[in-house]
Every structure is written in structure tokens, then in C-alpha cells.
Amino acid sequence: MKHSVRRNSIVTLTLLPALLLTLLLSGCMANSTDPNPQQPLKIAVDSEEYYNFAYRTFIEGVYPDQQIELIELVPDEKGTPPEEYIRKVREEKPDLILTAIWRYGALVEEGLLADLSPQLTAGSSMEETDLYPGMIEWMKQDGNGILYGLAPEFSSQILYYNADLFAKYGVAPPTDGMTLEEIYKLATRFTEAGGRKDGTVGLHRQYSNMPYSVLSAFAESEGLRMYDSRQGITMNTPGWRDLLQKVIQLYKNETLSLKAPKVTKMEADGITIYNYEDDGSGDLFGHGKAAMTIMRYTADSNNWPFKVGAVAPPVSEQDRSRSNGIFVNKVMAIGAEVDNAAAAWQMIELMTSERIAKIKAKNTRSGFSVHRTYPQYRKDPLVERLFKLMPVHLPPDRGEGVHDSNFYYDFEALINREITAAVQQNKPLDDVVSAIQKEGQAMLEAASRTE
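Sequential numbering from 15 applies to the sequence shown in the numbering used here.
Encoded structure:
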């Protein structure tokens, strides 16, 4: 779907909250000069709703005279296959591309993006050192060493803990710089202190406490992948055996429970939807029955009915300056050989600027601005510490070879089944690994067939 969006300044600005309007006008409008506001800026977005939510307030608030032509590439919930998305970008030739990070690598491979490095050289209005280095590294890794895009924000998980429970059981609280294994060992202290008798567990992640999710968390923290859609299942290695044994032992010693949250499956317009029922089993931490949880940063921790502490997310055993709890979701890029690259860059520069960082610091529900000044405006010591962590980033398996999305659910069920068998029936580890490798490979091959 393709359509133009032309709004005058009155209509656009009345949609802005008073605080954002004041900051935009005072900080940006006075210095905003469009290269050619009469030349439409072609912006490719996943959907107009996505653009309205993440960008419109800022872009159209600062540049109200700039004509904008939105090109919707993922107009409905059924999504757009990767090859179709690439075809649309090649055909439409957008000046600016705003999309999810997992599409970025394919755009790079197809040669559809411009190198942004010349815009960030020393002496420019913005330099690489002005931005969160973890984001720059992420973009370059997925760009084969070249900076083809920038993310306007990044997110982070946090290890939250119930300080009341730690005091009750006489356990020292967690600290920054702990690995996931160390955190689980800390969680075991509650089992050893008789927490199970009181219905208390050491660590519980909402809707992520089953074997597949736990195993994934360990693997991602060390940059490991269970499978590659092109190379097959990759779990028959000593490293994977060690991780599987760790996870099995966590369930055997009752640090973790195999009780699954209640899930209902619905079909709507050809889309499968899974709903989790809130019966208390999904959020033990929120109900005061878990000492720790790992979840995305939230400013609403005061809403929990107990004293809450927070530290940085688990770090990698190989490099404690890195954490897989830090991640990038969005990317902004300029199309290769387009007509309005100057205006497109202005939008990227705006969204990654100190001015937007100052605004986003007031909105505690948004991600963290990538500008290095964000922590000083956010005024949260934890956020300042997060900016010193680098991500553990494994370039995504974009799944071009997987044509049946049921593979992902079936493979997750296979992992859950095999680890459960090892816990409850003492199934030997060799047999667990063999079953996962053999059945998983058959699933992947079946899902990769095009007929």
C-alpha cells in the first residue's frame, strides 16, 4: 500500500503532548532547515500504525513542512515474506527505510542500503562517539563491517529482586556482573533454605520458565544457536551437552519447576494466537512468590507490593562486559542511490540526537535513546550502568530456508519433551541429545521444503 501524507503544522502539532511540543519547538524547530521540503520524502515502513507509534510525533513535529510519502510494506498481521519485502523495496526505491532489525541483514546483502559512515566522520554534526557503542557495533556486525543503518533506541532486560524475600531467607542480594549460572546458583539458595515449603522459588521468568526458554537464555548469553535454517541442527557438541546438563539439573534440584502456564490456542483470519491465562503461575515474581525475575526495564517497579531491587542483566561467562540482555529492535537506513538522501539523513540524525534523548528520558515506557547523553537526562543510576555494557550479538538466522512457521513451535515442544524426560524419567543425556538432533533435523528439513 502506498499513499502520501501531507499535514500542516497545526494538525500535526496538536497531536503532541504539551511537554513534547514544548521541547521540540524550543530545541529543534529553530534550527530545522529542510533541504527541499517540496520534494516528497519517500519513507518505507512496515505499517502506517508502526510509523505513527514510533516516529511520526518527532519527524512531523520538527519538520512540519516536509512532504512525506509513506510506503507500507507489511500492511497486515499476516506479514510479508522476506523475498517479497526485498522486492517491494527494490521496486519502490524509498529514501528512508524504517523497519525491524531482523530485516536489516537481508537489505544489506541485497545492496539496497547506503553507507552512513560518511555522515558520522570527525567534525560532522554527529559522530559515532556521540552514540551508544553497542548499537554501532551491532549495526556494523550485521552490515559486514559497514555502517548501513542506525537504531534510534535500544532496550535492556533487568534482574529485579524481591528485597523482602532476600531478607526473610537471609540470602545476600544479587549484584551487577553476575552470569546466568551464578544467578541460578543464587536462586538455589532459596530451595536449600526451604522456600519450596512456603511456595517460594528463587528465580522465575514470566512465561519463560519452561526448558526451551531456559536453555535459550543460557545459549544466547554465550552467542550459541540451536539451529541454522541453512546448516541444520547444531546441538550435538560438547558445549551444548554442558548447557543441557545444567538446565536438567536446575529442574532436578527444584530450582525451577516444570509447571507450565495455561495457554489457549486461537485461530483468527488464518493467524494462530497463543494466550496465557493469568492464574498466578505465569508471574510468580509479581505475586511475591519468586525472589528474582529477569524482564525488560520498567519504571513501574514501585507498583509491586514489596520492596524491589534491580541490577544489570546477566553477563556472558566469556566476557563480563557483555550481556545478551541488551538488544536492538529497530533500524533506520537510507536507500542506495535515492533522490532525497539528504532529507532522509536529517530524519535519522534527528531520531538519534541529544534533543530526542532528552524527550525520551521523560517517557519511561520507551526504549533508551542511543545518544550518549541519555543517562544524564534519565537520572537513573542503573541506566547509566547499562550504557557501559556491550551486547552479546549473534547475527540473526533470518529463516529464509524455513517455509513452515510451525517448525518453531514443534522444535520448542521437542526440547521441552526431551528435557522433561531427563528430569522425570532420568533419560540419559546421550539419548536426549540424539533425539533432539535426529528429530529436530527431520523437522527442519520438512519445514524447508518448497513443494
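We put the beta carbon where it would ideally sit given N, CA and C, even for glycine.
Looking at the backbone, the Cα of E368 and that of T387 are separated by about 6 angstroms.
Relative to M346, the option among A114, D79 and Y64 whose CA is nearest is A114. Close CB contacts of M192 within its chain, under the 8 angstroms cut and outside five residues either way in sequence, are with L173, L200, V325, P328 and V329 (chain order). Under the three-state reduction of DSSP output, E331 falls in the coil class, being neither helix nor strand. Around the CB of A181, fewer than 16 other CB atoms lie within 10 Å, so the residue is classed as exposed. Counting along the chain, L173 sits inside the beta strand (DSSP E) bounded by residues E167 to N176. Taking C-beta atoms under 8 angstroms as the contact rule, Y162 and D109 fail to qualify, at a distance of about 15 angstroms.
Note that the C-beta distance between I111 and G349 is below 8 angstroms. Judged by DSSP in its simplified three-state form, P389 adopts helix. Collapsing the DSSP output to three states places S448 in a helix. The Cβ atoms of Y226 and I429 sit closer than 8 angstroms to each other.
Ranked by Cα distance from T248, the first of L217, P319, S131 and G454 is G454.
Closest in C-alpha terms to L134, from the list R463, L127, L145 and G125, comes L145. Take the alpha-carbon of S462 and the one of Y423: they are about 15 angstroms apart. Closest in C-alpha terms to R336, from the list S170, A305 and R431, comes S170. Its Cα nearest to that of G339, the residue L403 stands out among F425, I73, H385 and L403. Counting only residues of its own chain and dropping the five nearest sequence neighbours on each side, T94 has a CB closer than 7 angstroms to the CB of L87 and V88. Linking G302 to P319 through their CA atoms gives a straight-line distance of about 8 angstroms. Residue burial annotation: D297 is buried, with at least 16 other C-beta atoms found within 10 angstroms of its C-beta.
Beyond the five residues adjoining it in sequence on each side, A355 comes within less than 7 angstroms, by CB distance, of D109, A128 and I348 in the same chain, given in chain order. Comparing alpha carbon positions, the residue from A165, W116 and G148 closest to L364 is A165.
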